[in-house]
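Working notes, structure below.
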Amino acid sequence: MGSGKRSPQKYSSTLERGMRVLRAFQFGDHGLSNQELSERTGIPKSTISRLTFTLLELGFLAHASRNDKFRPGPGLLALGQVANDAMPFVQQNRECFQKIADDTNSLVLMLAREDNALMIISAVRPTGRVGRTFDVGHRLPLVGSSSGHAFMATMEDAEFETLLPDLVEEYKTPEDQIRSLRAKAAEDIFNHGFHFAPTEGYFNTIIKAVATTLYSRDLAQQVAISCVVGRNARSDAELSEFVGPKMLRELDGEHQSLNFLDLSASHQSV
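Note that the working numbering has the sequence shown beginning at 90, numbered continuously upward.
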């Protein structure tokens with residue numbers, strides 16, 4: 090997460106590569122080798138070896154033996170606990186998100202931008218439902234998801250234009266198509282308050298979702314809020330006529346207590 094604005098004079102490429110190594114770990118991993126980390130990050134293996142050695146010495150990575158694969162270490166666990174304590178609003182939102190999840194029988198996500206993707210920072214399932222798919226820490230694409238399109242729609246134009254070349258390269262999608270996706274999402278949010286991305290070109294073939302965006306005063310940046318359902322769990326009409334409006338009604342009633350600002354005004358600039 091961050092502003093998305095990089096100053097060459099202040100930006101540390103070495104630190105960035107170290108963070109890319111830590112972010113390469115995903116739920117379900119049973120350790121990653123230097124080769125696997127190189128493949129996931131695109132960083133040469135020789136550089137990965139130096140980074141993993143340093144992260145191991147600092148306690149951010151761990152492994153049981155010389156030939157064992159690397160795993161997140163106790164330093165990361167401690168840092169995660171500190172971050173969780175510093176962001177109490179995530180738990181404060183839970184009651185509102187739980188009501189939305191139960192009333193719409195959907196997975197409710199809150200996501201913040203991380204480079205060219207969105208990271209899930211809160212995931213609330215209907216009461217009694219369990220699962221690890223789309224959990225905290227998972228990333229959703231900016232191009233090819235309802236959350237991503239809604240997020241792009243409410244970005245400042247200058248920020249979007251700066252990001253656009255990276256999106257073209259990352260998602261192998263023509264610039265005009267990305268602009269079109271953004272414009273459609275902006276139109277939907279302006280007219281209805283939320284966006285429902287078409288199934289064609291969606292990043293995942295077994296789900297569909299509606300999404301909106303709000304400005305989080307706690308994070309000092311915008312976040313996406315999304316309701317996700319199985320592809321056959323609800324019709325497109327139900328998503329557009331029930332799930333989306335229900336999500337908005339609950340969020341509208343909780344703006345102040347959740348410390349959110351509506352981003353509706355920015356939808357008109359696209």
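Heads up, the beta-carbon is just placed ideally off N, CA and C, and yes, glycines get one too.
Practice problem: Assign GLY107 to one of two classes, buried (16 or more other C-beta atoms within 10 Å of its C-beta) or exposed (fewer than that). | Solution: Translated into the one-based positions of the sequence shown, residue 107 becomes position 18. Under this definition GLY107 is a buried residue.
Exercise. Go to THR301, then tell me how far its beta strand (DSSP E) extends in each direction, as first and last residue.
Key: Here residue 301 corresponds to residue number 212 of the sequence shown, with the count starting at 1. That run of the beta strand (DSSP E) goes 296-305.
Practice problem: Could you pull the start and end residues of the beta strand (DSSP E) that GLY319 belongs to? | Solution: Residue numbering aside, residue 319 sits at position 230 when the sequence shown is read from its first letter. Counting along the chain, the beta strand (DSSP E) containing GLY319 begins and ends at 310-319.
Self-check item: Separation of LEU150 from GLY162, as counted between CA atoms
Solution: For the purposes of this step, residue 162 is taken as the residue at position 73 of the sequence shown. For the purposes of this step, residue 150 is taken as the residue at position 61 of the sequence shown. Between GLY162 and LEU150, the C-alpha separation is close to 4 Å.
Quiz item: On the three-state DSSP scale, how would you describe PRO254?
Solution: Sequence index remark: in the sequence shown, residue 254 carries index 165 (1-based). Looking at PRO254 - three-state DSSP - the assignment turns out to be helix.
Quiz item: Which of the three DSSP states, helix, strand or coil, is assigned to PRO334?
Solution: Reading the sequence shown from its first residue, position 245 is the one you call residue 334. Three-state DSSP puts PRO334 in a helix.
Exercise. Find out if the Cβ-Cβ distance for the pair ASP224, PHE116 is shorter than 7 Å.
Key: Taking the sequence shown and counting its residues from 1, the one referred to as residue 224 is at position 135. Taking the sequence shown and counting its residues from 1, the one referred to as residue 116 is at position 27. In contact: ASP224 and PHE116 (Cβ atoms closer than 7 Å).
Quiz item: Excluding sequence positions up to five away, which residues of its chain have a Cβ less than 8 Å from the Cβ of VAL332?
Solution: For this step, residue 332 is matched to residue 243 along the sequence shown. Closer than 8 Å at the Cβ level, and outside the excluded window around VAL332, lie THR193, SER195, VAL299, CYS316, VAL318, ARG323.
Quiz item: Counting Cβ pairs, one atom from each stretch, are 3 or more of them under 8 Å apart for the region 276-295 and the region 304-313?
Solution: Three or more Cβ pairs closer than 8 Å define a contact, and the region 276-295 falls short of that threshold against the region 304-313.
Exercise. Can you give me the start and stop residues for the alpha helix (DSSP H) that PRO163 sits inside?
Key: As a working mapping, residue 163 is identified with position 74 in the sequence shown. It spans 163-175 - the alpha helix (DSSP H) in which PRO163 sits, taken as one unbroken run.
Quiz item: Do ALA239 and ALA313 come within 7 Å of each other at the CB atom, strictly closer than that value?
Solution: The count along the sequence shown starts at 1 and reaches residue 313 at position 224. The count along the sequence shown starts at 1 and reaches residue 239 at position 150. In contact: ALA313 and ALA239 (Cβ atoms closer than 7 Å).
Quiz prompt | Local Cβ density within 10 Å of GLN311, reported as buried at 16 or more and exposed below that | solution = Within the sequence shown, residue 311 is the residue found at index 222, counting from 1. Buried is the call here.
Quiz item: If you draw a straight line from the C-alpha of ARG202 to the C-alpha of MET208, how long is it?
Solution: Along the sequence shown, read from residue 1 onward, the residue named residue 202 stands at position 113. Along the sequence shown, read from residue 1 onward, the residue named residue 208 stands at position 119. Approximately 6 Å between the Cα atoms of the pair.
Quiz item: For the candidate residues ALA242, THR302, LEU198, ALA172, whose alpha-carbon lies nearest to that of LEU229?
Solution: Indexing the sequence shown from 1 puts residue 229 at position 140. The residue with the shortest Cα to Cα distance from LEU229 is LEU198.
Self-check item: Status (buried if at least 16 other CB within 10 Å, exposed otherwise) for HIS284
Solution: Translated into the one-based positions of the sequence shown, residue 284 becomes position 195. It is buried - the Cβ of HIS284 has at least 16 other Cβ atoms within 10 Å.
Quiz prompt | Backbone CA spacing between SER235 and ALA286 [nearest angstrom] | solution = Position 146 of the sequence shown, counted from the first residue, corresponds to residue 235. Position 197 of the sequence shown, counted from the first residue, corresponds to residue 286. Straight-line Cα distance between these residues: approximately 5 Å.
Quiz item: Hey, out of ARG268, THR243, HIS152, TYR100, whose CA is closest to THR302's CA?
Solution: Stepping through the sequence shown from its first residue, residue 302 is reached at position 213. Looking at the Cα atoms, THR243 is the closest of the given residues.
Quiz item: Span of the beta strand (DSSP E) holding VAL110?
Solution: The count along the sequence shown starts at 1 and reaches residue 110 at position 21. No beta strand (DSSP E) holds VAL110; the alpha helix (DSSP H) holding it covers 102-112.
Quiz item: Of all the options ASN156, ALA212, LEU147, which has the alpha carbon lying nearest to the alpha carbon of PHE186?
Solution: Position 97 of the sequence shown, counted from the start, is the residue given in the question as residue 186. For the residues ASN156, ALA212, LEU147, the minimum Cα distance to PHE186 belongs to ALA212.
Quiz item: Measuring CA to CA, which of GLN170, LEU104, ASN182, LEU165 is closest to LEU340?
Solution: Residue 340 sits at position 251 when you count from the first residue of the sequence shown. Ranked by Cα distance from LEU340, the first of GLN170, LEU104, ASN182, LEU165 is ASN182.
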